[in-house]
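Protein chains in written order, with the working numbering: chain A, 1 to 295; chain B, 1001 to 1401.
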């Protein structure tokens, strides 16, 4: 009897131990998240409800939740612009990256690795420098402008930098590798026999591409567009360097509110709204696109 | 032995300047070291104990200075700052110089939390533009000068000796004066610019840039609209200038609103007419063959100063004062002004300049003439509430909210 009791006792404790193991394994990660994600987010949410105190850059907690609404209304133009520019840049990047990834995956032969390195190579140089380089290339005294001027496509009074298209092109360029690599990943994984089978079933090259290649590359498309859209929506470097005061994005507003006017509550509220906004858009997108094969 | 340990005889200070005092101190120190080398036995051992501590203190004399870019004479060949090297040789104080400031707000936002907690910010001397310096003084972020340690303080230009934020200059001394005016590319605009009407002429549309420094850009526009920015003005008068700026941005006249980087756009040709700073244009012309013109608009320009202050958290106050005193020596000030080409706030520097670079003696951007002074206004001091309100409205106009 005693032996039975003992043995049953040991099994429950073993069971208990087993059920604790996953939590113990998760603990470091959860702790990390709590410390470096949850805590800052709570600080952010609470900073946003503060109101000005005595001095500049000093604020007192008054739980003014209307700060969120006021900030959103105040910067609605830049919010709209951010999402518009990010969408355009993502589509442009997709249009450029898809043929590129397709070419590398199927047509590059022995040059595959070199081409992949070339896609990533711009990352060896600073993000800011690459963006400033575009300013030189598109600038009024730059090579491209001179060329277009000679072709009478532009007049001396038009300009290429300090415009909305320049910002969008800058965004698309800077995030291109984030689009190309996931696309390449899923295209490269396509079994060539599936494509052959499609041909055997009398579909021409275009139908094969549309009905076989594109659906199979969807995980890459979804991952690539997310990796491009999310950072592009929050970016402020491209708008700062390649844009003008009429093309400012939400990142510029947050930057200025934080550092120039030292209005921390507005900056915090805008950051939080941007986070929520992106999360909602991403959620809708993933629902529509499906994520079964994403992981 | 008692004689050798006393580094400075108490009587010698008298009328001597701090500099000579420091020099004698370092000389006395050297001789003591030489003496030490020759000494032996137990006496020497006790001396090492006493002198060793003294040595550590003298060697530990440092001063750390945060300043703006291109704001101190620099020798491209040796990669050193000649006047700062001379200061170190003269005083034995180790000086670290960092171009750590590129924006008043950003720099202050970075160090203010430490200043509030009374923790060392890593700098003893900071250089802030007048309106920001006023905030530092009001917030108690600075230490009061010991006037006896800065005898050269008497050399400060009369018009800058008593600013409202620091009457009598007990907490700050101007490092350089900045004139904001209009500048242009000579090849694109051979006739030059005289007024803001010229600046905003339709022919310049899309190639005009203005400063992101509110007091300069709005100040110039307000002066042009007939408002004296050095005296109290109404919110409506301020708003009128902001509205004008916003309209010029909306209509595509103004290409960008920038800090010091407008200089790059002048060089590249993206901008041909700007609201900019005097010294920048001087330096651009030195490097790029006199391609640019600068003028104070007929309606008036704005003037401000960057000010040296000792951070409240600084443990090296005496060294910091020695450094400030050194740079208020007219000869040293002239050497700096010759390089940075901003307005020199030190009396006697103009005479000293004759020996260094005679061409610069009559440069009105370093030594403004009386006529020029009359046309320059200092933007009035704003209280914290107005500062926040105006900054917000300006940022909104330039697309940041």
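Virtual Cβ for every residue (Gly too), placed ideally from N, Cα, C.
Scanning chain B for C-beta atoms nearer than 7 Å to the C-beta of residue 141/A yields 1268 and 1269, reported in chain order. Between residue 259/A and chain B, the shortest Cβ-Cβ separation is below 8 Å. Contact between the region 1310-1317 of chain B and the region 1140-1152 of chain B is established, with three or more Cβ pairs separated by less than 8 Å.
Scanning chain A for C-beta atoms nearer than 7 Å to the C-beta of residue 1255/B yields 162 and 244, reported in chain order. Rounded to the nearest angstrom, the Cβ distance from residue 260/A to residue 1391/B is 7 Å, consistent with a contact under 8 Å. In the three-state scheme derived from DSSP, where H, G and I count as helix and E and B as strand, residue 1376/B is classed as strand. By the criterion of a C-beta distance shorter than 8 Å, residue 194/A is surrounded in its chain by 212 and 216, once the five residues flanking it on both sides are discounted.
Residue 1190/B is outside the set of residues whose beta carbon lies under 8 Å from a beta carbon in chain A.
Among the bridge pairs identified by DSSP, residue 41/A is matched with none. The beta-carbon of residue 253/A is placed less than 8 Å from the nearest beta-carbon of chain B. Not flagged as an interface residue toward chain A: residue 1243/B, since no C-beta distance is shorter than 8 Å. For the 8 Å CB-CB criterion, residue 1376/B and residue 1302/B form a contact. In the three-state scheme derived from DSSP, where H, G and I count as helix and E and B as strand, residue 1088/B is classed as helix. In the structure shown, residue 1257/B adopts extended strand secondary structure according to DSSP, grouped into three states. For residue 157/A, the C-beta contacts it makes with chain B under 9 Å involve 1203, 1205, 1206 and 1207, in order along the chain. Under the 8 Å Cβ criterion, the region 1271-1282 of chain B counts as touching the region 1199-1214 of chain B, having at least three qualifying pairs. Residue 267/A is a Cβ neighbour of residue 254/A, given a cutoff of 8 Å. Listed along the chain, the chain B residues whose CB falls inside 7 Å of the CB of residue 55/A are 1139 and 1384. If only uninterrupted alpha helix (DSSP H) runs of at least 4 residues are considered, those enclosed by the region 1130-1169 of chain B are 1130-1139. Among the residues of the region 1095-1107 of chain B, those with a Cβ less than 9 Å away from any Cβ of chain A are 1103, 1105 and 1106, in the order of the chain. Relative to residue 1340/B, the option among 1318/B, 1320/B and 1306/B whose CA is nearest is 1306/B.
Around residue 101/A, the same chain offers 180, 183, 184 and 187 as residues with beta carbons nearer than 6 Å, after the five sequence neighbours per side are excluded.
With contacts defined as CB atoms closer than 8 Å, residue 1295/B and residue 1181/B qualify as a contacting pair. Counting only the Cα atoms, residue 1317/B lies some 60 Å from residue 285/A. Of the residues 218/A, 116/A and 174/A, the one whose Cα lies closest to the Cα of residue 93/A is 174/A. In the three-state reduction of the DSSP assignment, residue 1309/B falls in the strand class. In the DSSP assignment, residue 58/A falls outside any beta strand (DSSP E), carrying neither H nor E. Counting only runs that start and end inside the region 1212-1239 of chain B, the alpha helix (DSSP H) elements of at least 4 residues fall at 1214-1224. Residue 206/A is classed as exposed because its beta carbon has fewer than 16 other beta carbons within 10 Å across all chains shown. At a cut-off of 8 Å, the C-beta of residue 1155/B has no neighbouring C-beta in chain A. The alpha-carbon separation between residue 289/A and residue 203/A amounts to approximately 25 Å. Beyond the five residues adjoining it in sequence on each side, residue 1186/B comes within less than 7 Å, by CB distance, of 1291, 1292 and 1293 in the same chain, given in chain order. For residue 1327/B, the enclosing alpha helix (DSSP H) begins and ends at 1317-1327.
With contacts defined as CB atoms closer than 8 Å, residue 1304/B and residue 1365/B fail to qualify as a contacting pair. Under the rule that a run must span 4 or more residues, the alpha helix (DSSP H) segments found entirely inside the region 174-222 of chain A read 176-188, 192-200 and 205-208. Where residue 69/A is concerned, there is no enclosing beta strand (DSSP E), although the alpha helix (DSSP H) around it starts and stops at 66-74.
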